[in-house]
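Worksheet for the structure shown next.
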Amino acid sequence: MKWSQAFIPTLRDDPADAEATSHKLLVRAGFIRQLMAGAYSLLPAGMRVRHKVIAIIREEMDAIGGQEFLLPAIHPAEIWKRSGRWDDMGDEMFRLKDRKGADIALGMTHEEIFAYTVAELSSYKQLPQIWYQIQTKFRDEPRPKAGLLRVREFTMKDAYSFDVDQAGLDAAFEAHREAYVRIFNRFGFEVLQVEASSGSMGGSGSVEFMAPSPIGEDIVVTSECGYAANIEKAASTLAPIYDPENDAEVEEFATPGVRTIADLVTFDGGAAAASQIKTLVFIADEEPVLALLRGDHDLQEQKLADQLGASNLRPAEEDEIGELLGAHPGSLGAVGVSDVRIVADVGLRGRSSMTTGANNDDHHLRNVSVERDISVEEWLDFRAVVDGDTCTVCGEALSLIRAIEVGHIFKLGTKYSEAMDATILDQNGKAKPVVMGSYGIGVERSMAVVVESSSDDNGIIWPAALAPWDVVISVIRPDDAPTMAVATDLYRQLMSNGFDVILDDRKERPGVKFKDAELVGIPQRITVGPRGVEAGNVEWVVRSTGNKQDLAIADVATTVGGAISAAK
RNA sequence: CGGGCUGUAGCGCAGCUUGGUAGCGCACCUGGUUUGGGACCAGGGGGUCGUCGGUUCAAAUCCGACCAGCCCGACCA
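The first sequence begins at 49 in our numbering and counts up one residue at a time.
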């Protein structure tokens, strides 16, 4: 490619409002342009990187026996209704109607469609299978942000495994886990494997691949022993609290104006936060639930949803609460409540001398013994882990770090195969639902994470495996015939050796070419100018280190070519 | 969905308070001088000022509604 003919619109200024480093750099270096909130055009340089990302994914998926498909992005509503997710996905699913008025979904993932496809198999002899695609997904995110990191239309590699039994699924899951480690290694950034909530996917377990980053939107809990979990899933051990002996009767007392835990801490005759019961009202799949936890603890809503087995969980509205408990938030409690499902966090187990709302505005109850006075139906763990909590595995302090989710693998089980009637006959001639797993990688998000983790003040530093071009030949004075002849010759040599080369033959001053080459992040640069050509050499600069050296023109193809091959 | 902010040339912005018919830097075009780290001189092209409505002799500027984008929160595989 000749730079003079390429469309690489680099900018001198940062784009307005771009917060993430990767967003600024990808826009400035001419890789992407925003079309609307959460939708980006990939420009030619961006497409080149995307091709390389996809090629790596494809190699590793093929290496574990994957077969590539391409399924439609538009789906009939019917198929989503069969799994129940037409309703569960809510506003996150783009929906439209065709000319006949039929409901159509834009695919946000393909469990349903692959399960529908696999229903064509009929014998255990045809399993196991690993099927995948690299395809566009649509998700109507309430708040797209940070450039490519959170968008509404994006490319995903999604794979699905189909097995006769759980042991087969376990093997497929491990194969994908290992393939993902290889893929992210080749992308050149660090990932943590963490236990995760399966959310609306369902199934028996899932692992997320998380790239640590200060701009990440996920919080990962890690321990020295290697335990790592998304905060939506993470558990921790609580230091036990021994309340003094107190068999006093529950007593109601007036607390005018007290609305919050903090209010009651400072209220005369109140209680420390750890001796209060926080009473939260949720609607879990239409059913009201009281969720109790210690006053100084925070709720982890996803943990609550998972433990309740609820596919939709939302805080109750104030009028729903009034109808249920007869009081307003700030004075709520579970003492004496019997006709509502009550779940309590394990942090409240065995506690006495607690204070809680009286379900009577501006009144609270003291001397509450949780197990004596409240009809707790289930003890669950839905407290949010905080920095410094104790690891349940090794007992050391847990740390919380921010991270970006680049991959997520799920053991799905038979939820989708049952919904789509995807059964096979086993050795005994008995029909069994196929056991499924699903496995995703965000393509553009991975590109953004690479840039997020590898750049400097001058621009992007692409790893050799993903760079849009392996090497740029910057021609000083392209109007000088001997210089241009040497540059053109090197350009042809390197290309015929299989490298991606861009020849910067623009009629620009040298500084412009150097700045652009660094901004775009091309790993190797060869500078060809009249001065060097006269002496029989060129300058070779490595983007990542800044190391410069002169090379004899005759040695360029082998030396630079060797360096590129070694870096890949 | 709640809170905050922004919309003026391809990009980054000023002008709005105090209404009088639009400007700066970069980019772009032409000519010239330059050319090993974002050159200089001269000339030039490009904007229904987000949209609709209102006030006014007159609106980028004042008022209203709407649309879009960004940030914080809620939400989210």
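The beta carbon of each residue, even a glycine, is placed where N, CA and C say it ideally should be. Since the structure is predicted, the reported quantities are computational estimates derived from the model, not experimental observations.
Point to revise | C-alpha gap between residue 602 and residue 582, whole angstroms | key: Each residue's Cα considered, the two are about 14 Å apart.
Exercise for review: State buried or exposed for residue 214, treating a residue as buried only when at least 16 other CB atoms are found within 10 Å of its CB.
Suggested key: Result: exposed.
Point to revise | One or two residues paired with residue 453 in a DSSP bridge | key: In the DSSP output, where bridge partners are listed per residue, residue 453 has 258.
Check your understanding: Which residues in the same chain have their Cβ closer than 8 Å to the Cβ of residue 397, if we skip the five residues on either side of it in sequence?
Key -> Cβ neighbours of residue 397 beyond the five flanking positions: 418, 419 and 427.
**Study point:** Check whether residue 256 and residue 278 have beta carbons under 8 Å apart
**Key:** In contact: residue 256 and residue 278 (Cβ atoms closer than 8 Å).
**Study point:** Integer-rounded CB distance, given that residue 492 should sit under 8 Å from residue 271
**Key:** About 32 Å separates the beta carbon of residue 271 from that of residue 492, a gap too long to meet the 8 Å contact definition.
**Study point:** C-alpha distance - residue 290 paired with residue 268, whole-angstrom precision
**Key:** Rounded to the nearest angstrom, the gap between the Cα atoms of residue 290 and residue 268 is 31 Å.
Exercise for review: Return the CA-CA distance between residue 407 and residue 372, expressed in angstroms with no decimal places.
Suggested key: Spanning the two alpha carbons is a distance of roughly 10 Å.
Point to revise | residue 281 - partner residues in DSSP beta bridges | key: DSSP, once it has assigned bridges, lists no residue as partnering residue 281.
Point to revise | Residues of its chain near residue 511, where Cβ-Cβ distance is below 8 Å and the 5 sequence neighbours each way are ignored | key: If we look at residue 511 and ignore the five residues flanking it on each side, its Cβ neighbours are 235, 236, 498, 502, 571 and 615.
Exercise for review: Below 8 Å CB to CB, which residues in the same chain sit around residue 473 once its five sequence neighbours on both sides are set aside?
Suggested key: Closer than 8 Å at the Cβ level, and outside the excluded window around residue 473, lie 170, 171, 172, 479 and 480.
Check your understanding: In angstroms, rounded to a whole number, what distance separates the CA positions of residue 482 and residue 463?
Key -> Going from the Cα of residue 482 to the Cα of residue 463 covers about 9 Å.
Practice item. State yes or no: is the C-beta of residue 109 within less than 8 Å of the C-beta of residue 259? Key: No.
Check your understanding: Between 589, 93, 341 and 374, which lies nearest to residue 575 when the distance is taken from Cα to Cα?
Key -> Ranking the options by Cα distance to residue 575, first place goes to 589.
Check your understanding: Span of the beta strand (DSSP E) holding residue 48?
Key -> It is not possible to answer for residue 48, since the shown part of the chain is limited to 49 through 616.
Review point. To the nearest whole angstrom, what separates the beta carbons of residue 179 and residue 115, a pair I think is in contact under 8 Å?
Key: For a cut-off of 8 Å, the C-beta gap from residue 179 to residue 115 is around 6 Å, short enough to register as a contact.
Review point. Are residue 440 and residue 284 close, meaning C-beta to C-beta below 8 Å?
Key: Closer than 8 Å, so yes.
Review point. When the Cα atoms are used, what is the spatial distance from residue 456 to residue 71?
Key: One C-alpha to the other measures close to 23 Å.
Exercise for review: Give the DSSP-derived three-state secondary structure of residue 137 in the structure shown.
Suggested key: Looking at residue 137 - three-state DSSP - the assignment turns out to be coil, as it is neither helix nor strand.
Check your understanding: Can you give the Cα-Cα distance for residue 565 and residue 208, rounded to whole angstroms?
Key -> Residue 565 and residue 208 have their C-alpha atoms some 40 Å from each other.
**Study point:** Start and end residues, alpha helix (DSSP H) containing residue 466
**Key:** Boundaries of the alpha helix (DSSP H) around residue 466: 463-467.
**Study point:** the segment 190-200 / the segment 60-74 touching (three or more Cβ pairs under 8 Å)
**Key:** Yes: at least three Cβ pairs fall under 8 Å.
Review point. Quick one: Cα of residue 189 to Cα of residue 78, how far?
Key: So the alpha carbons of these two residues sit roughly 25 Å apart.
Review point. What are the boundary residues of the beta strand (DSSP E) that residue 112 is part of?
Key: Careful: residue 112 lies outside any beta strand (DSSP E) and carries neither H nor E.
Review point. Straight-line CA distance for residue 92 to residue 200?
Key: Looking at the two C-alpha atoms, the distance is approximately 21 Å.
Check your understanding: Would you call the segment 117-126 and the segment 547-558 in contact, with 3 or more CB pairs under 8 Å?
Key -> Result no; under three Cβ-Cβ pairs closer than 8 Å.
Practice item. For residue 262, count neighbouring Cβ atoms within 10 angstroms of its own Cβ and tell me buried if that reaches 16, exposed if not. Key: Here residue 262 is exposed, its C-beta having fewer than 16 other C-beta atoms within 10 Å.
Practice item. Have a look at the DSSP bridge pairing and note the partners of residue 513. Key: The secondary-structure analysis by DSSP pairs residue 513 with nothing; it has no beta-bridge partner.
Exercise for review: Go ahead and label residue 99 buried or exposed: buried means 16 or more other beta carbons lie within 10 angstroms of its beta carbon, across all protein chains shown.
Suggested key: With fewer than 16 neighbouring CB atoms inside 10 Å of its own CB, residue 99 falls in the exposed class.
Check your understanding: Going by C-alpha distance, which of 522, 175 and 322 is nearest residue 475?
Key -> For the set 522, 175 and 322, the Cα lying nearest the Cα of residue 475 is the one of 175.
Exercise for review: Could you check if residue 55 is buried or exposed, using at least 16 other CB atoms within 10 Å of its CB as the buried criterion?
Suggested key: By the 10 Å Cβ count, residue 55 comes out exposed.
Practice item. Answer yes or no: do residue 252 and residue 459 have a C-beta to C-beta separation smaller than 8 Å? Key: Residue 459 is positioned such that its CB atom lies closer than 8 Å to that of residue 252.
**Study point:** As assigned by DSSP and simplified to three states, the class of residue 437
**Key:** If DSSP states are grouped into helix, strand and coil, residue 437 belongs with coil.
Exercise for review: Reducing DSSP to helix, strand and coil, say where residue 236 ends up.
Suggested key: Coil.
**Study point:** Best match in 425, 210, 346 and 354 for proximity to residue 338 [C-alpha to C-alpha]
**Key:** The candidate whose alpha carbon is nearest that of residue 338 is 425.
Exercise for review: Alpha carbon to alpha carbon, how far is residue 120 from residue 143? Give it in angstroms, no decimals.
Suggested key: Between residue 143 and residue 120, the C-alpha separation is close to 15 Å.
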